[in-house]
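Structure, as C-alpha cells:
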Amino acid sequence: MSILLLILLQVIFPVFALLGTGAALHLKYRFDIRTLSRLTSSVFLPALAFVNIYESRFEAQLIGEVVLFLLLQNAGMILIAAIASRAFRLERRTSSTFKNSVVLNNSGNFGLPVSQLVFAAQPVGMSIQVIVTLFQNLVTYTYGLATAMSVETRGWGALRQLATNPIIAALALGIAFRASGLELPPFLWRPIDNVASAFLAVALFTLGAQVASLKLRRPSLPLTLTVIGRLLVSPALALLVILVLDLQGVTAQALLIAGSYPCSRNMAQFALEYGNDPDYAAEAVLLTTLLSAITVAVAVYVARQIF
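The numbering of the sequence shown is the numbering used here, which starts it at 84 and goes up by one.
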C-alpha cells in the first residue's frame with residue numbers, strides 16, 4: 084500500500100472524523116466555542132505540554148544536530164513570515180494569524196503518526212520527531228503565543244501575560260522534572276495524563292464547531308500565502324538547511340519530512356482565543372491538512388531518493 088494511501092487512512096481520516104463529529108454536534112447542541120477555547124487553553128494544553136516534556140526519551144547524541152537545524156529553520160521561517168506580512172500589508176490581526184500559520188506546524192498529532200509509519204524499522208527517525216515536537220512546543224508557547232497576544236497587548240504587558248500563562252508554567256515544570264529525574268507519584272500522574280489524553284478530541288471538536296459556522300469563501304490572499312509558506316517554502320528551506328549542515332541518512336530524512344507538516348491546530352486555537360481572524364485560521368488548518376496528504380508523501384519520496 085502506498086505511503087499516500089496509508090497517510091490518508093491512518094492520519095487524515097481520523098483527524099477529519101473528529102472535526103466532522105465536532106461540527107455535527109455543534110449544529111445540534113450549539114456549543115459555547117469561547118468557553119471550549121478557554122478550557123482547552125487553560126487546562127488541556129498545559130497538561131499536554133507537561134506530559135510531552137515529562138515523557139520525552141531520545142538519544143543524547145542527536146540533540147546537537149537536530150536543535151541546530153531547528154533553530155536555523157524556524158528563524159528562517161519567522162523572518163520570511165515577517166517580510167511577507169509587511170510586503171503584502173496584512174491587517175494586524177490577520178498578520179498575527181498568518182505568521183503563526185507559517186511558522187507553527189502540527190508536528191505532534193500529525194507528525195508523530197507519520198514518523199511511526201515512515202520510520203517503523205528505524206527507531207532513530209521516531210526519536211528525531213520527538214525532539215522536533217518538543218522544540219515545536221517551545222516555539223508554539225513562546226513565539227506563537229506572544230504573536231497572538233501582541234495584537235492587543237504590547238511591551239511589558241505582553242511579557243507579563245506570557246510569563247503567567249499556564250502553558251509556560253507547565254513547560255517549565257516538565258523541563259524541571261525531566262532535568263532532575265524526579266518522577267510524579269501515580270495519584271498525581273494519572274489525572275494529568277488523562278487530561279492530556281483528552282486534548283486531541285476536545286481540540287478537534289472545538290475546531291469542528293468553529294468550522295461548522297464558517298461560510299465557504301473564495302481563496303483569500305492570506306490563505307494562499309499560508310499554503311505556499313507552510314507547504315512549499317518550509318520544506319524547501321528545510322532542505323537548504325540540511326544541505327548547508329551536511330546532514331545525512333535518517334536524520335536528514337526525518338528533518339526534511341518534518342518541514343512539510345501542515346499548520347498547527349494550536350494556531351487556530353490562539354486565533355480563536357484572542358480574536359485574530361479565527362475563520363481564516365480554521366480554513367488554514369483544514370486546507371493545509373488536506374493538501375499535506377500530497378506534500379508529505381512527496382517529501383517522503385524526495386527524502387528517500389536524496390538521502
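Ideal Cβ placement from N, Cα and C applies to all residues, glycine included.
Residue of the options minimising C-alpha distance to residue i
{"i": "residue 230", "options": "254, 257, 271 and 182", "result": "182"}
{"i": "residue 173", "options": "271, 334, 303 and 368", "result": "303"}
{"i": "residue 307", "options": "160, 367, 357 and 345", "result": "367"}
{"i": "residue 285", "options": "96, 370, 347 and 123", "result": "123"}
{"i": "residue 259", "options": "348, 111, 133 and 375", "result": "133"}
{"i": "residue 332", "options": "315, 91, 149 and 250", "result": "149"}
{"i": "residue 325", "options": "157, 186, 271 and 233", "result": "157"}
{"i": "residue 186", "options": "329, 310, 359 and 373", "result": "310"}
{"i": "residue 249", "options": "266, 323, 268 and 228", "result": "228"}
Beta-carbon spacing of residue i, residue j below 8 Å
{"i": "residue 336", "j": "residue 380", "result": "no"}
{"i": "residue 184", "j": "residue 364", "result": "yes"}
{"i": "residue 224", "j": "residue 195", "result": "no"}
{"i": "residue 345", "j": "residue 193", "result": "yes"}
{"i": "residue 282", "j": "residue 127", "result": "yes"}
{"i": "residue 394", "j": "residue 340", "result": "Because the chain here runs from 84 to 390, residue 394 falls outside it and cannot be looked at."}
{"i": "residue 130", "j": "residue 294", "result": "no"}
{"i": "residue 179", "j": "residue 263", "result": "no"}
{"i": "residue 136", "j": "residue 257", "result": "yes"}
{"i": "residue 360", "j": "residue 177", "result": "yes"}
{"i": "residue 314", "j": "residue 373", "result": "no"}
{"i": "residue 312", "j": "residue 164", "result": "yes"}
Residue environment, residue i, which counts as buried when at least 16 other CB atoms sit within 10 Å
{"i": "residue 175", "result": "exposed"}
{"i": "residue 93", "result": "exposed"}
{"i": "residue 189", "result": "buried"}
{"i": "residue 383", "result": "buried"}
{"i": "residue 146", "result": "exposed"}
{"i": "residue 162", "result": "exposed"}
{"i": "residue 210", "result": "buried"}
{"i": "residue 370", "result": "buried"}
{"i": "residue 422", "result": "Any question about residue 422 goes unanswered here, given that the chain covers just 84 to 390."}
{"i": "residue 219", "result": "buried"}
{"i": "residue 348", "result": "buried"}
DSSP beta-bridge partners of residue i
{"i": "residue 188", "result": "346"}
is_contact[residue i, chain C] using C-beta, thresh 8 Å
{"i": "residue 201", "result": "In the structure shown, chain C cannot be found, because there is only a single protein chain."}
Pairing CB atoms from the region 272-290 with CB atoms from the region 115-129, are three or more of them under 8 Å? Short answer: they touch.
Whether or not the region 146-162 and the region 204-218 are in contact is what I'm after, with contact meaning three or more pairs of Cβ atoms, one per stretch, closer than 8 Å; do they touch? yes
Meets three-Cβ-pair contact criterion under 8 Å: the region 370-379 and the region 342-356: Yes, the region 370-379 is in contact with the region 342-356.
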